[in-house]
Amino acid sequence: MIPLTTLWFCAKRMPRIFALTFDFITVFLLAFVLVGCSNAKQLSTYLVSYKFNTDSPMYEIIETSFNSTQSTEGLQDVEIFAGYLGICFDNVPATISNTSILCFDRKNVSNSAFYDDLAVKVFNIRSTNSTVTKSTELNIVQLAQDMSVEIVHPYILIATIILALLMFCLILYVTLPKVPGKGPANLALLALCPIITLLWGIGAMCTHIASKSSSEFIPAASMNIIDVHKGSKAATMSWFSFSFLCIDCLILWGLYFRDRKSLSKEIDNVRKSDQNPPKYASDESSFSSRNYHYK
1 MIPLTTLWFC
11 AKRMPRIFAL
21 TFDFITVFLL
31 AFVLVGCSNA
41 KQLSTYLVSY
51 KFNTDSPMYE
61 IIETSFNSTQ
71 STEGLQDVEI
81 FAGYLGICFD
91 NVPATISNTS
101 ILCFDRKNVS
111 NSAFYDDLAV
121 KVFNIRSTNS
131 TVTKSTELNI
141 VQLAQDMSVE
151 IVHPYILIAT
161 IILALLMFCL
171 ILYVTLPKVP
181 GKGPANLALL
191 ALCPIITLLW
201 GIGAMCTHIA
211 SKSSSEFIPA
221 ASMNIIDVHK
231 GSKAATMSWF
241 SFSFLCIDCL
251 ILWGLYFRDR
261 KSLSKEIDNV
271 RKSDQNPPKY
281 ASDESSFSSR
291 NYHYK
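Numbering-wise (full-length UniProt numbering), the sequence shown opens with residue 1 and increments by one.
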């Protein structure tokens, strides 16, 4: 059976325990978002996916082009997933790899064979003054790499995770009884929680705008050759993390104002007692003992 002292300790510190729980969940959610597409197990946590649109009038031409060469046969069915730290290829043909999923570092994917093999020559144009035929390439892998390297950066996310871990340690410290330095730790928490919330709010909004823009503009710019989808799992985890940070901020600041209000009431009670001296000796002795207790 749980002792009453333990139950009272938990009940008294329940708001901070809730803040600890929300912060713990936030760190794990953001960590999973960060490592999305870094390996095959994290394939579902992607920001944006790219594949050739099967409804496009150009798809049959692309399919014929890929199937004409044995080294590129079946590549028209490959789907590319872009994350913060990596890029993954799904539905990889068995003639190219023993596994259907391959993942690369976001900056090293250009060194893989997929970078050139998945480039599509859209037009073959012969100049009127030259017999040389020029082609325009549409590289679906380059689009995914630009999304991960040039547009979406993991640095805000990494900074948010580090600061959230620091906030977790501070909340745990001020929750423990009879530890020194709780005052400065509480002040540090009050300053840290809005900074983290604002930082990840900016990061989540930037990622949302980049993913939404990519899913809207690339299909139109590629004449509907490329189909783009925004990752719902990563977006949901990002916004839930932001919500938990907001809740933590409200809890910590609510505790601060509650403690300030309680302290003000105690000070007012002491002042009222000082302004109303006792009339009898017995009252004076009890009044003195009460003042001694406050000291």
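The beta carbon of each residue, even a glycine, is placed where N, CA and C say it ideally should be.
If you draw a straight line from the alpha carbon of residue i to that of residue j, how long is it in whole angstroms?
i: phenylalanine 18; j: histidine 153; result: 31 Å
i: proline 15; j: glutamate 137; result: 58 Å
i: leucine 165; j: serine 97; result: 39 Å
i: threonine 197; j: threonine 236; result: 16 Å
i: aspartate 248; j: leucine 192; result: 11 Å
i: leucine 75; j: asparagine 186; result: 57 Å
i: serine 112; j: glycine 183; result: 55 Å
i: lysine 178; j: arginine 13; result: 13 Å
i: aspartate 77; j: tyrosine 256; result: 57 Å
i: aspartate 146; j: serine 100; result: 23 Å
i: tyrosine 155; j: leucine 199; result: 11 Å
i: asparagine 53; j: arginine 258; result: 57 Å
i: glutamate 216; j: alanine 234; result: 18 Å
i: leucine 176; j: histidine 208; result: 38 Å
i: aspartate 55; j: tyrosine 173; result: 58 Å
i: tryptophan 253; j: arginine 260; result: 11 Å
i: lysine 107; j: proline 180; result: 47 Å
i: glutamate 73; j: glutamate 60; result: 13 Å
i: cysteine 206; j: threonine 160; result: 14 Å
Please confirm whether residue i and residue j have their CB atoms less than 9 Å apart.
i: leucine 30; j: alanine 210; result: no
i: aspartate 105; j: isoleucine 87; result: yes
i: leucine 34; j: isoleucine 158; result: yes
i: residue 332; j: glutamine 42; result: An answer regarding residue 332 cannot be provided, because it is not within the stretch 1 to 295 covered by the chain.
i: phenylalanine 81; j: glycine 231; result: yes
i: valine 141; j: valine 109; result: yes
i: serine 214; j: isoleucine 151; result: yes
i: isoleucine 218; j: leucine 143; result: yes
i: serine 148; j: alanine 204; result: no
Just to confirm my understanding: we take residue i, look at its own chain, exclude 5 residues before and 5 after, and list those with CB closer than 6 Å. What are they?
i: methionine 58; result: Ile225
i: serine 273; result: none
Compute the beta-carbon to beta-carbon distance between residue i and residue j, rounded to the nearest angstrom, for a pair I have assumed lies under 8 Å.
i: leucine 189; j: isoleucine 171; result: 7 Å
i: proline 228; j: tyrosine 50; result: One detail in the question is off: residue 228 reads as valine in this sequence, not proline. About 6 Å; that satisfies the 8 Å criterion.
Can you list, in chain order, the residues of its chain whose CB lies under 8 Å from that of residue i, leaving out five sequence neighbours each side?
i: cysteine 103; result: Cys37, Ser38, Asn39, Ala40, Leu43, Gly86, Ile87, Cys88 and Phe89
i: glutamate 79; result: Ser49, Tyr50, Lys51, Phe89, Asp90 and Asn91
i: lysine 212; result: Lys230
i: cysteine 169; result: none
i: threonine 45; result: Phe32, Val33, Val35, Gly36, Cys37, Gly83, Gly231, Lys233, Ala234 and Met237
Report buried or exposed for residue i, applying the criterion of at least 16 other Cβ atoms within 10 angstroms of its Cβ.
i: residue 326; result: Outside the displayed span of the chain (1 to 295) sits residue 326, for which this structure offers no information.
i: isoleucine 251; result: buried
i: leucine 118; result: buried
i: alanine 220; result: exposed
i: threonine 69; result: exposed
i: threonine 64; result: exposed
i: alanine 94; result: exposed
i: threonine 21; result: exposed
In chain order, what residues of the same chain have a beta carbon less than 7 Å from the beta carbon of residue i, not counting five sequence neighbours either side?
i: serine 222; result: Leu138
i: methionine 167; result: Asp23, Leu189, Leu192, Cys193 and Ile196
i: glycine 201; result: Phe242
i: phenylalanine 240; result: Leu29
i: phenylalanine 114; result: Phe89 and Val141
i: threonine 26; result: Ala164, Ser241, Phe244 and Leu245
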